[in-house]
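These protein sequence lines map, in sequence, to chains A and B. Using the UniProt record's numbering, read the first sequence as starting at 1 and increasing by one per residue. Using the UniProt record's numbering, read the second sequence as starting at 1 and increasing by one per residue. The structure appears right after this line, and notes come after that.
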Amino acid sequence: MSIKKRKAEETVFKVLMVGACTVVSSSLFLIVGTIVIKGLPYLTWDMVSKAPQGGFYIGKEGGVLNAIIGSLYLAGGATILGLLVSIPISIYLNIYLKSGSLLNKSAKLAYDVLFGIPSIVYGAFAFSIMIWLGVRASLLGGVIAVTLLIIPILVRTLDEVITTVPKELKHAALSLGATRWEAAKVILRQIKPGIYTAILLAFGRGIGDVASVLFTAGFSDNIPKYLDEPAATLPLAIFFQLGSPIPEVQGRAYASALILTVIILAIVVASHFLAAKQTKHKI
Amino acid sequence: MLILSIASVSFVFLIGIGLYWRAAPLFEEQTLLSLFSASEWAPSKGQFGFYPFIMGTLWVTLIAIVVALPLCLLTAIYLTEYAKPGVRSVILPLVNILAGIPPVIYGVWGIFFVVPIVREYIAPQFTDYSSGYTVFTGGVVLAVMIFPILVSIVSEVLRTIPKELKDASLSLGATKWETIKKVVLKRALSGIVAATVLAVSRAFGETIAVLMVCGNVPIAPTSVFDGGYPLPALIANNFGEMMSIPLYDSALMFAALLLFVIIFLFNLVSRIVLHRVESKYSAS
Chain A
1 MSIKKRKAEE
11 TVFKVLMVGA
21 CTVVSSSLFL
31 IVGTIVIKGL
41 PYLTWDMVSK
51 APQGGFYIGK
61 EGGVLNAIIG
71 SLYLAGGATI
81 LGLLVSIPIS
91 IYLNIYLKSG
101 SLLNKSAKLA
111 YDVLFGIPSI
121 VYGAFAFSIM
131 IWLGVRASLL
141 GGVIAVTLLI
151 IPILVRTLDE
161 VITTVPKELK
171 HAALSLGATR
181 WEAAKVILRQ
191 IKPGIYTAIL
201 LAFGRGIGDV
211 ASVLFTAGFS
221 DNIPKYLDEP
231 AATLPLAIFF
241 QLGSPIPEVQ
251 GRAYASALIL
261 TVIILAIVVA
271 SHFLAAKQTK
281 HKI
Chain B
1 MLILSIASVS
11 FVFLIGIGLY
21 WRAAPLFEEQ
31 TLLSLFSASE
41 WAPSKGQFGF
51 YPFIMGTLWV
61 TLIAIVVALP
71 LCLLTAIYLT
81 EYAKPGVRSV
91 ILPLVNILAG
101 IPPVIYGVWG
111 IFFVVPIVRE
121 YIAPQFTDYS
131 SGYTVFTGGV
141 VLAVMIFPIL
151 VSIVSEVLRT
161 IPKELKDASL
171 SLGATKWETI
181 KKVVLKRALS
191 GIVAATVLAV
201 SRAFGETIAV
211 LMVCGNVPIA
221 PTSVFDGGYP
231 LPALIANNFG
241 EMMSIPLYDS
251 ALMFAALLLF
261 VIIFLFNLVS
271 RIVLHRVESK
281 YSAS
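As structure tokens, this is what we get:
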């Protein structure tokens, strides 16, 4: 092949690559743009400050405060529960176990696999646990399902953060006579910003997921006061309102979608700041 | 902590066992083969044919991969080989934000952006009438959803290719593109395949976004502009009423089990391959 042809092939593919890159990176703006254009005209103060009033679903007064609060409770509760489980696990895997051991390897593989399991399967599994235990659709059921969903996210993120801590730190602590538990505390202090990042990631996933809470959390127009009450969630509220034939209710779905998008983007921005802070903390 | 760690490993199997336990009553009535091949879905008559739903899932997933793979491959190559570090540090985070957008938002976007485009512009070129709620629409929305996973994993795989290999090829007179085509991509093939399998399994299990845009007709699609009804959508749509009809809940749990088993295997294989790729080059 002549050099001209070879150069031409290179140029063609370069153009294709830039094109592909533009498409891929602009899709975020397309999505957010569509949501903003659709949702902004319907966004009112009532939407975020009121629970549904009588006749809400035929277009009368009210807002989606019940769903916002429900989602925050759900994601918050699940994140706390998830941390209680995943911090000990990631400490054990990284500090107590040798890095080549069978349990370490298989646990990491297991979490990679669990990370890929879709939320609908977690929902179905949590639902069968609930039937077994005799729990009906409630805040508690939703928290269980979301906790199962986010534990793999937490463990994997913490794991990644812990591996960025230099091994020498652990060795120094141990050689000074610290127990492994005391060494773990040193490392935990070192990865504090990383833990916040993990929390935000898990919280964001928990607040946005529908399939896992569809059968486990139920739906309610009231803000839940106790764990055994059904709770509304923001994604589910969007989903239900969108199915309505009444234009006002559909409009509220767009506005709710905008609220959810804003929450998610705020979480993303916050975790970026924390990630920047973490690199600053490095020794 | 030891107990927690062991419990979490066995949790993978616990999910499988739990779902099997709930699905088991179905197997007493029907064989696995008849469940897969029957196309009649009438729960009230006790007929549970999964064929249309399996086909729906396959179509949507296939379209998603066909759309996403070339785009993401080109993007990942551009970002790792050609782009300046400044460009890369802007675009990669942008793509990763996509991973954080909730499925329901993708669904809303699909309804207002992709569905009208398919209905007004794309489908009329090929068929007489289409509502816009088709497996093609579902595939496009899914493709955008798997962008982040494909771009980030493929660029990571490409970054593990030793610089010496590329330098050797370049110094022998190959152009940069020839080096990429014949050296980099060849070396990275197993990693790229693994990333693709991972993305396929993500697309397989996606529920709400697909449910919102692909029509939910329980008939196996015959063209890309037919509606479809993927497995996860089946579970989500019918969970409310499943307790009232005998065996209905077992059938839905069987659908969940099916998803779990397929995705479990896909994930397991691709993760093992990816670990190999990583350790091979980090050791040398």
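Note that beta-carbon positions come from the ideal geometry of N, C-alpha and C, so glycine has one too.
Asked: Selection of the stretch 2 to 18 of chain A by Cβ proximity to chain B, strictly under 8 Å; Found: Arg6, Lys7, Glu9, Glu10, Phe13, Lys14, Leu16, Met17, Val18
Asked: Rounded distance between the beta-carbons of A:Met47 and A:Gly63, thought under 8 Å; Found: 4 Å
Asked: B:Asp226 classed as buried or exposed, judged by whether at least 16 other C-beta atoms fall within 10 angstroms; Found: buried
Asked: Which listed residue (B:Val269, B:Ser250, B:Phe204) has its alpha carbon closest to that of B:Gln47; Found: B:Ser250
Asked: Residue burial classification, A:Ser119 (beta-carbon count within 10 angstroms, cutoff 16); Found: buried
Asked: Three CB pairs or more closer than 8 Å across the stretch 18 to 28 of chain A and the stretch 73 to 81 of chain B; Found: yes
Asked: Nearest neighbour of A:Ala110, chosen from B:Ile15, B:Ala256, B:Gly56, B:Ala64 [CA to CA]; Found: B:Ile15
Asked: C-beta neighbour in chain B for A:Gly70, strict 9 Å; Found: no
Asked: Residue burial classification, B:Glu40 (beta-carbon count within 10 angstroms, cutoff 16); Found: exposed
Asked: Outcome for A:Gly142 when other beta-carbon atoms lying within 10 angstroms are tallied against a minimum of 16; Found: buried
Asked: Cα-Cα separation between B:Leu4 and A:Gly123, rounded to whole angstroms; Found: 22 Å
Asked: Whether B:Val104 touches A:Ala51 by CB criterion (9 Å); Found: no
Asked: Helix, strand or coil at B:Gln30 [DSSP, three-state]; Found: coil
Asked: Supposed close pair A:Ile223, B:Ile101 - CB separation, criterion 8 Å; Found: The pair is not a contact, with the Cβ atoms about 26 Å apart (cut-off 8 Å).
Asked: Nearest to B:Val277 (by Cα), restricted to the options B:Ile122, B:Ala195, B:Phe136; Found: B:Ala195
Asked: Residue-chain proximity (A:Ala257, chain B), Cβ-Cβ < 9 Å; Found: yes
Asked: CB contact flag (B:Ala209, B:Gly138, <9 Å); Found: yes
Asked: C-alpha gap between A:Leu265 and A:Ala145, whole angstroms; Found: 24 Å
Asked: Interface residues of the stretch 94 to 108 of chain B facing chain A [CB-CB below 8 Å]; Found: Leu94, Val95, Ile97, Leu98, Gly100, Ile101, Pro102, Pro103, Val104, Ile105, Tyr106, Gly107, Val108
Asked: Exposed unless 16 or more other CB atoms sit within 10 angstroms - verdict on B:Pro246; Found: exposed
Asked: Stretch-stretch touch, CB-based, cutoff 8 Å, three pairs: the stretch 174 to 182 of chain A with the stretch 190 to 203 of chain A; Found: no
Asked: Inter-residue Cα distance where the pair is A:Val12 and B:Thr175; Found: 13 Å
Asked: Beta-carbon neighbours of B:Leu256, restricted to chain A and to distances below 8 Å; Found: As written in the sequence, residue 256 of chain B is Ala, which differs from the Leu given in the question. Those are Ile120, Val121, Ala124, Phe125, listed as they occur along chain A.
Asked: Three-state secondary structure assigned by DSSP to B:Gly205; Found: helix
Asked: Own chain, CB closer than 7 Å to B:Gly205, minus 5 neighbours either side, in chain order; Found: Pro232, Leu259, Ile263
Asked: Interface residues of chain A facing B:Thr207 [CB-CB closer than 9 Å]; Found: Pro118, Ser119, Ile120, Gly123, Val210, Ala211, Leu214
Asked: B:Gln47 - partner residues in DSSP beta bridges; Found: B:Ala42
Asked: Identity of the residue in B:Met212, B:Tyr20, B:Leu268, B:Leu189 nearest A:Gln241 by Cα; Found: B:Met212
Asked: For A:Gly123, the three-state DSSP class (helix, strand or coil); Found: helix
Asked: Under the three-state DSSP convention, the category B:Gly228 falls into; Found: strand
Asked: B:Ser284 classed as buried or exposed, judged by whether at least 16 other C-beta atoms fall within 10 angstroms; Found: Reliability of the predicted coordinates at B:Ser284 is poor, the pLDDT of 45 falling under 50, and the value obtained from them is presented with this limitation in mind. Exposed.
Asked: Residue range of the unbroken alpha helix (DSSP H) whose run includes A:Arg136; Found: No alpha helix (DSSP H) contains A:Arg136, which DSSP labels as neither H nor E.
Asked: Cβ pair count under 8 Å reaching 3, the stretch 85 to 99 of chain B against the stretch 108 to 116 of chain B; Found: no
Asked: B:Gly215 (DSSP reduced to helix, strand or coil); Found: strand
Asked: B:Ser284 - DSSP class collapsed to helix/strand/coil; Found: Any reading at B:Ser284 must be qualified, since the residue scores a pLDDT of 45, below 50, and its modelled position is unreliable; no value is offered.
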